[in-house]
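Numbering of the sequence shown is given in our numbering, commencing with residue 517 and proceeding in unit increments. Below you'll find the structure, written out as structure tokens, and then a few comments.
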Amino acid sequence: MSQRFSALAALAVLGSLAVLWSGSWAAEADVGGVSLRVYGEPPERAQAQEMLAAFVAKSMTPITERRDQELESLTSPEQWRQRQERVRQRLTEFLGDFGPKCPLQARIVGQLDRPDYVIEKIVFQSQPGYFCTTNLYLPKRRAMPRPGVLLTCGHAAEGKGYHLYHETCLGLVLKGYVVLALDPTGQGERAEYFDPASGKPLVPLCVSHHHYLARPSWLVGRTLAGYRTWDAVRAVDYLVSRPEVDPEKIGVTGNSGGGIMALLITACDPRIKVCAAAHPGGSMEQTFLTGRRSAEAEILSLIPPRPCAMVVGRDSGEAPGHQAKLDDMLRFYRGLGADPGRAQMFLVDGVHDMKQPKRVVCYAWLNKWLGQEQEGADEPPLTIETVADLQCTASGLAVRDLGGQTGRTLNAGVAEQLRPPRAHSDSRPALDRTRAELRAAVARRIGLRVPEVRGTPVASSRGRVEQPDYTAEKLVLQTDAEIQLPALLLRPAKPNSSAALVLHAAELGKPAGTTEPCLALELVRAGHPVLSLDVRGAGETDPRDRAKLPPLERYHAPQFQFESLAVQCAGFGTTLLALQSIDLIRAMDYVAGQDDLASRRVVLVGEGLGGVWSLMAAAMDERPAGVIAVGVVPSYKLLVGAPSYAARDYFWVPHALADFDLPDLIGLAAPRTTLLIDPVDAMLAPLAAEQCQTLCAWPRAVFQTLGVPDQFSVRYASGRTGAKVAEQVAAGLRTIENAAAAGRPR
517 MSQRFSALAA LAVLGSLAVL WSGSWAAEAD VGGVSLRVYG EPPERAQAQE
567 MLAAFVAKSM TPITERRDQE LESLTSPEQW RQRQERVRQR LTEFLGDFGP
617 KCPLQARIVG QLDRPDYVIE KIVFQSQPGY FCTTNLYLPK RRAMPRPGVL
667 LTCGHAAEGK GYHLYHETCL GLVLKGYVVL ALDPTGQGER AEYFDPASGK
717 PLVPLCVSHH HYLARPSWLV GRTLAGYRTW DAVRAVDYLV SRPEVDPEKI
767 GVTGNSGGGI MALLITACDP RIKVCAAAHP GGSMEQTFLT GRRSAEAEIL
817 SLIPPRPCAM VVGRDSGEAP GHQAKLDDML RFYRGLGADP GRAQMFLVDG
867 VHDMKQPKRV VCYAWLNKWL GQEQEGADEP PLTIETVADL QCTASGLAVR
917 DLGGQTGRTL NAGVAEQLRP PRAHSDSRPA LDRTRAELRA AVARRIGLRV
967 PEVRGTPVAS SRGRVEQPDY TAEKLVLQTD AEIQLPALLL RPAKPNSSAA
1017 LVLHAAELGK PAGTTEPCLA LELVRAGHPV LSLDVRGAGE TDPRDRAKLP
1067 PLERYHAPQF QFESLAVQCA GFGTTLLALQ SIDLIRAMDY VAGQDDLASR
1117 RVVLVGEGLG GVWSLMAAAM DERPAGVIAV GVVPSYKLLV GAPSYAARDY
1167 FWVPHALADF DLPDLIGLAA PRTTLLIDPV DAMLAPLAAE QCQTLCAWPR
1217 AVFQTLGVPD QFSVRYASGR TGAKVAEQVA AGLRTIENAA AAGRPR
């Protein structure tokens, strides 16, 4: 298994450098020659790389302003409560649907008996077969029932066994609290991606593990925050089921990732009466909430009027960000008529941790609101247990010892429920209705809004590069407000008036140099005019350096920041996929406005993820004569169900599978010629032809019903070299041109 994963990891590195087919080509060639970059100067390049972030920030501004205006219009506590209730009704939208609740089937699997307390080792299921490992700290010689506290762990690989979180539990139990410490998914005993032979993690704990689970979860309408919050809700279910616990006196505390989880569980579960959150969200924290910051603000608005403290180290540098969260919440405290003193920030010496000075503040806050002030805030001497002694399982790996489900297998099950094989009718009227309804559903799901009346995009020329067999004109196309996209208009030296114009979009962007091995350059050399476009977030507008990205199994700040932008798009009602598809639609508008190009048939050719952009544009716009997707992952289900994946950036359509899977786009492009060339799986390895046939059963049936079964095909390039791929694409273009010349139905 270890050798197998090493091979997969190597392939993941290749996948981060190039789409699979072009990776093999890149090994053959010397990239360089005359530069084809549109933005040549460093300031321009930097601005291009910041374009997506600036667009997202500007798009969020009116959303924030409308929310501010709405809050300013509320004039009574009842109106504020009604607004909270409306937000509460949206929690499933923000977090995902994890219900209904299943029996916990909790069992005590061991205990540590100490002079002043007992630590019980408890396992329960938060979802069917999804086991949570916990420690319950029970004080001795105390009148029962006692106040209960849930400890939400921050990003420490040891989870509940991490010494600072274990010490927090000890401090609380010695003050008479019943404390439940929960291993979050991907921490402690709840690793999911590991070598079953050695037990070594295949995805590092715990931030990388969280992100690795979170990405495909989005496609089934689940979020990382949802997984962790639901586990915490079920932990509260267990806590209040214990006779030793007073269910009316439940608090929560946590640090870092556990701090933001303390806030989220307080917001989502009214049984939590008081919250003490230390450093709620660090620099690597990504809850993958649908809408990210906007969703977070709405969810946290459900905490008031309950007492909530934020405890922050003076030297952490985090105070301004957390103060902004608190300031927004304070509007709700005031609106509800509550004392603003119920929400406070405490600045404490130190940095981003849960050391004793922060714990003391948390003790005092919990004591104040749970009626335990007589216990005092000073921390008594603590006797520390080892991580191994606190474990509920022999190996320290719950999945290995207990079996059951993982987040991946749960997601795969949801995917099958959401998107079973699509039924097909041979009736043309029924098919037309199905496709019209599906097209509308896809547009709604991705947030695609294209004005029916729109002009030709403004374009400016940035110079030409003359080569023996083609001319490259550098263009800047304005496809959206303040979106200035670099493009190359490639014209062959020997024009062919019957050749289709190729609108080319590649995951790695347009050609960067004249000697770069590139499909777009091969096609212009073959006689096709080519418009190669960097959609927003790709090529010159990609804020990441794609050549330096590590595999997705490892946390990497630029990838994290890019994903944060993609997640934030849901906050203003769209997706990155919709925006990138609009860029291609607007590029077609540009072509239609050029006298020397308007009469040509347009064929969309996409590489890697660009294949998805191209399929989406063809599904939503009737103008393309055909579409060719090269090296694309042809189904979201492949990503959701895969034990590991290297495909990047496919994930950011929340709950996509509720309405569609990628093969549906092929069915919407019909009857126009549609080709998949060298489709790949989640690891960017060649996808078996039989599996691709199964995934594409519905679009095949659509083409059959429309009378053009030969206009959809899956082709494989012999040897998978770049030259062979170019030959297959050129052959596909001839197929499209012949179909158009024969007057095939559209």
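Yeah, the Cβ is synthetic: ideal placement off N, Cα and C, and Gly gets one too. These numbers were taken from a predicted model, which means no experiment stands behind them.
Start and end residues, alpha helix (DSSP H) containing residue i
i, result
"Glu636", "Run containing Glu636: none in the alpha helix (DSSP H); it sits in the beta strand (DSSP E), Tyr633 to Gln643."
"Ser589", "Met567 to Ser589"
"Val864", "Per DSSP, Val864 belongs to no alpha helix (DSSP H); it is in the beta strand (DSSP E), Ala859 to Val864."
"Ser724", "Val723 to Leu735"
"Asp1180", "Leu1178 to Ala1185"
"Pro763", "Not the alpha helix (DSSP H): Pro763 falls in the beta strand (DSSP E), residues Val761 to Asn771."
"Trp1168", "Looking at the DSSP string, Trp1168 is not in any alpha helix (DSSP H), and its letter there is neither H nor E."
"Glu932", "Gly923 to Leu934"
"Gly1238", "Gly1238 to Ala1257"
"Gln595", "Pro593 to Arg604"
"Val1149", "Careful: Val1149 lies outside any alpha helix (DSSP H) and carries neither H nor E."
"Ala946", "Arg944 to Ile962"
"Gly1127", "Gly1126 to Met1136"
"Glu609", "Leu607 to Leu611"
"Thr1221", "Ala1213 to Thr1221"
Counted within 10 angstroms of its Cβ, other Cβ atoms place residue i as buried (16 or more) or exposed
i, result
"Leu550", "In the sequence under discussion, the amino acid at residue 550 is Val, which differs from the Leu named in the question. Exposed, since its Cβ has fewer than 16 Cβ neighbours within 10 Å."
"Ala1257", "exposed"
"Leu530", "For Leu530, the predicted structure reports a pLDDT of 31, less than 50, and the residue's modelled location is therefore unreliable. A value from the coordinates is still provided. The residue in question, Leu530, is buried, as its Cβ has 16 or more Cβ neighbours within 10 Å."
"Met660", "exposed"
"Ser522", "The predicted position of Ser522 is uncertain, since its pLDDT is 32 and thus under 50; a value taken from the coordinates is nonetheless stated next. The residue is exposed, with fewer than 16 neighbouring Cβ atoms inside 10 Å."
"Ala543", "Its pLDDT being 31, under 50, Ala543 is placed unreliably by the model, and the measurement read from it follows with that caveat. Exposed: under 16 other Cβ atoms inside 10 Å."
"Glu594", "exposed"
"Ile1144", "buried"
"Gln933", "exposed"
"Val877", "buried"
"Lys789", "buried"
"Ala1063", "exposed"
"Thr1210", "exposed"
"Ser1014", "exposed"
"Val1148", "buried"
"Ile624", "exposed"
"Gln598", "exposed"
"Pro1195", "buried"
"Ser941", "exposed"
"Asp1165", "buried"
"Thr782", "buried"
"Lys457", "Outside the displayed span of the chain (517 to 1262) sits residue 457, for which this structure offers no information."
"Val867", "exposed"
Test: residue i CB closer than 8 Å to a CB of chain B
i, result
"Asn1254", "Structure shown: chain B not included; a single protein chain is present."
Beta-bridge pairing of residue i - partner residues as DSSP gives them
i, result
"Ser1229", "Leu1191"
"Phe647", "Gln641"
"Tyr986", "Gln983 and Pro1008"
"Gly626", "Lys637"
"Met826", "Ala793 and Met861"
"Ser976", "Val992"
"Val1018", "Val1046 and Val1119"
"Gln1000", "Gln994"
"Pro1202", "Val1196"
"Ser551", "Gly1029"
Enclosing beta strand (DSSP E) for residue i [first to last residue]
i, result
"Asp869", "Neither: Asp869 is in no beta strand (DSSP E) and is coded neither H nor E."
"Thr739", "No beta strand (DSSP E) contains Thr739, which DSSP labels as neither H nor E."
"Val1121", "Val1118 to Glu1123"
"Thr806", "Here Thr806 belongs to no beta strand (DSSP E), and DSSP marks it neither H nor E."
"Ile1144", "Gly1142 to Val1146"
Integer Cβ distance of residue i from residue j, believed to fall under 8 Å
i, j, result
"Trp881", "Ala825", "4 Å"
"Glu705", "Gly737", "With 8 Å as the limit, Glu705 and Gly737 do not qualify as a contact, their Cβ atoms being about 27 Å apart."
"Thr1057", "Met576", "The Cβ separation is near 19 Å, so there is no contact."
"Ile962", "Ala1094", "4 Å"
"Leu1113", "Val1107", "5 Å"
"Tyr709", "His725", "6 Å"
"Ile1193", "Val1241", "6 Å"
_I'd like the ranges of any alpha helix (DSSP H) spanning at least 4 consecutive residues and lying wholly in the segment 1022-1076._
1035-1041
_Restricting to runs no shorter than 3 residues, where is the beta strand (DSSP E) found entirely within the segment 642-726?_
646-655, 662-668 and 694-698
_4-residue-minimum alpha helix (DSSP H) runs that sit fully inside the segment 1076-1117, ordered along the chain_ = 1092-1108
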